[in-house]
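A.B. asks: Starting off with a structure, shown below.
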Amino acid sequence: SQQGEEDPQALSIQEGENATMNCSYKTSINNLQWYRQNSGRGLVHLILIRSNEREKHSGRLRVTLDTSKKSSSLLITASRAADTASYFCATDEYGNKLVFGAGTILRVKS
Amino acid sequence: DTAVSQTPKYLVTQMGNDKSIKCEQNLGHDTMYWYKQDSKKFLKIMFSYNNKELIINETVPNRFSPKSPDKAHLNLHINSLELGDSAVYFCASSGGYGSPQHFGDGTRLSIL
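Chains A and B, in that order, are what the protein sequence lines are.
Sequential numbering from 4 applies to the first sequence in my numbering.
Sequential numbering from 4 applies to the second sequence in my numbering.
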């Protein structure tokens with residue numbers, strides 16, 4: 004079953020602008036992860052946030068988690084053309100698998 | 004060195020044929036996965052193995068048979084290929100459930 008729903012489905016911004024993507028999920032989770040997928044490549048893990056954390060940073064990435072609203076957001080600051088990719092959230096449901104959202108396609112125009 | 008490698012990268016074949024995809028990881032992980040990504044980019048888990056033991060089988064047709072000869076390898080064999088099997092198949096590995104997963108670059112399967 005698909006757990007996460009991402010919003011927006013597609014986002015187009017200018018280089019230097021910030022990009023925000025949102026993810027909503029339905030059940031209790033152990034952690035939530037964000038991945039990037041460049042065209043024709045596999046997914047690359049970006050950041051993991053545990054259910055008892057509210058915010059996490061990694062370089063130009065900032066992830067927030069609101070377990071009461073069952074939602075997360077990924078902020079990419081000062082975007083670059085190389086950030087053009089699809090971004091997926093994935094939830095670990097205290098089980099033995101990750102469930103991926105449908106993804107947000109980000110296009111950064113130079 | 005490529006952490007998770009899968010072969011072939013492209014597979015074009017006729018309906019009804021049998022084909023295999025191979026996956027190897029050099030990360031020392033105990034857990035490996037197969038995912039299917041459809042044309043809308045939706046990624047769905049098919050199988051998961053932990054230390055050569057099948058843990059997850061997500062209602063995949065039994066035409067799909069995974070095999071793990073050792074914990075560094077997880078192959079996928081598909082019998083009697085159907086048009087609906089056209090997709091990109093990804094292998095991944097992780098250090099345990101809930102840990103970040105490392106993906107191969109995918110095998111694009113096209114059924115004619």
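Ideal Cβ positions, reconstructed from N, Cα and C, are used throughout, including at glycine.
Predicted model, so just to flag it, every value in this text is computed and none were measured.
Please compile the residues from chain B whose C-beta is within a distance smaller than 8 angstroms of the C-beta of A105 (chain A).
C.D. replies: If you number the first sequence from 1, residue 105 (chain A) lands on position 102. By Cβ distance, chain B contributes K43, K44, F45.
A.B. asks: If you reduce the DSSP assignment to three classes, tell me which class L101 (chain A) lands in.
C.D. replies: Here residue 101 (chain A) is taken as the residue at index 98 of the first sequence, counted from 1. Three-state DSSP puts L101 (chain A) in a strand.
A.B. asks: Whole angstroms are fine: how far does the CA of A95 (chain B) sit from the CA of N60 (chain B)?
C.D. replies: In the second sequence, counting from the first residue as 1, residue 60 (chain B) sits at position 57. In the second sequence, counting from the first residue as 1, residue 95 (chain B) sits at position 92. Taking the straight line from one Cα to the other gives about 15 angstroms.
A.B. asks: Measuring only between beta-carbons, confirm whether P103 (chain B) sits less than 8 angstroms from chain A.
C.D. replies: For the purposes of this step, residue 103 (chain B) is taken as residue 100 along the second sequence, with counting starting at 1. Output row for P103 (chain B): interface = yes.
A.B. asks: For R65 (chain A), which residues does DSSP report across the bridge?
C.D. replies: The residue given as residue 65 (chain A) occupies position 62 in the first sequence. According to DSSP, which records beta bridges pairwise, R65 (chain A) is partnered with A:H60, A:L78.
A.B. asks: Within the same chain, show all residues whose beta-carbon is closer than 6 angstroms to that of N54 (chain B), passing over the 5 residues directly before and after it, in chain order.
C.D. replies: Residue mapping note: residue 54 (chain B) aligns to position 51 of the second sequence, counting from 1. Taken in chain order, the residues that qualify are D33, K74.
A.B. asks: Hey, F91 (chain A) and Y38 (chain A) are a contact pair by Cβ (cut 8 angstroms); roughly how many whole angstroms apart?
C.D. replies: Here residue 91 (chain A) refers to the residue found at position 88 when the first sequence is read from its first residue. Here residue 38 (chain A) refers to the residue found at position 35 when the first sequence is read from its first residue. Indeed, because the Cβ distance is near 5 angstroms, the residues count as touching under 8 angstroms.
A.B. asks: Which same chain residues, not among the five before or five after Q104 (chain B), have their C-beta less than 6 angstroms away from its C-beta?
C.D. replies: The count along the second sequence starts at 1 and reaches residue 104 (chain B) at position 101. Once the five neighbours on either side are set aside, the close Cβ partners of Q104 (chain B) are A95, S97.
A.B. asks: Output needed for Q5 (chain A): all residues of its chain with C-beta closer than 6 angstroms, excluding positions within five of it in sequence on either side, in chain order.
C.D. replies: Looking up residue 5 (chain A) in the first sequence gives position 2. Only weak support is given to the placement of Q5 (chain A): the predicted model assigns it a pLDDT of 47, under 50, and the question is left unresolved by the model.
A.B. asks: Any Cβ of chain A within less than 8 angstroms of the Cβ of G31 (chain B)?
C.D. replies: Locating residue 31 (chain B) in the second sequence gives position 28, counting from the first residue. Not one chain A Cβ lies under 8 angstroms of G31 (chain B).
A.B. asks: Secondary structure at A13 (chain A), three-state DSSP: helix, strand or coil?
C.D. replies: In the first sequence, residue 13 (chain A) corresponds to position 10, counting from 1. Of the three classes helix, strand and coil, the one that applies to A13 (chain A) here is strand, per DSSP.
A.B. asks: Cα-Cα, which of A:L46, A:N33, A:E56, A:A88 is closest to V111 (chain A)?
C.D. replies: Taking the first sequence and counting its residues from 1, one reaches residue 111 (chain A) at position 108. Minimum Cα distance to V111 (chain A) is reached at A:A88.
A.B. asks: Closer than 7 angstroms by beta-carbon distance: list the chain A residues that pair up with S51 (chain B), in chain order.
C.D. replies: Translated into the one-based positions of the second sequence, residue 51 (chain B) becomes position 48. Per Cβ cutoff of 7 angstroms: N99, K100.
A.B. asks: Would you kindly work out how many angstroms separate the C-alpha atoms of I108 (chain A) and G19 (chain A), rounded to a whole number?
C.D. replies: In the first sequence, counting from the first residue as 1, residue 108 (chain A) sits at position 105. In the first sequence, counting from the first residue as 1, residue 19 (chain A) sits at position 16. Cα to Cα, the separation comes out at about 17 angstroms.
A.B. asks: Mapping the DSSP letters down to three states, classify D21 (chain B) as helix, strand or coil.
C.D. replies: In the second sequence, residue 21 (chain B) corresponds to position 18, counting from 1. D21 (chain B): coil per DSSP, three-state reduction.
A.B. asks: With which residues is R66 (chain B) paired in a DSSP beta bridge?
C.D. replies: Within the second sequence, the letter at position 63 stands for residue 66 (chain B). Answer is none; R66 (chain B) lacks a bridge partner.
A.B. asks: List the residues of chain D whose Cβ lies closer than 7 angstroms to the Cβ of Q36 (chain A), in chain order.
C.D. replies: Looking at the structure shown, chain D is missing, and the protein chains on hand are A and B.
A.B. asks: Using a Cβ cut-off of 7 angstroms, pull out every chain A residue sitting near G107 (chain B), in sequence order please.
C.D. replies: Stepping through the second sequence from its first residue, residue 107 (chain B) is reached at position 104. What G107 (chain B) touches in chain A: G45.
A.B. asks: Would DSSP call A84 (chain A) helix, strand or coil?
C.D. replies: Within the first sequence, the letter at position 81 stands for residue 84 (chain A). Looking at A84 (chain A) - three-state DSSP - the assignment turns out to be helix.
A.B. asks: What is the C-beta distance between Y100 (chain B) and K39 (chain B), in whole angstroms, given that I count them as a contact (C-beta under 8 angstroms)?
C.D. replies: As a first step, residue 100 (chain B) must be located in the second sequence, where it is residue number 97. As a first step, residue 39 (chain B) must be located in the second sequence, where it is residue number 36. The pair is not a contact, with the Cβ atoms about 19 angstroms apart (cut-off 8 angstroms).
A.B. asks: So, S82 (chain A) versus M24 (chain A), is the Cβ gap smaller than 8 angstroms?
C.D. replies: Reading the first sequence from its first residue, position 79 is the one you call residue 82 (chain A). Reading the first sequence from its first residue, position 21 is the one you call residue 24 (chain A). Not a contact, by the Cβ cut-off of 8 angstroms.
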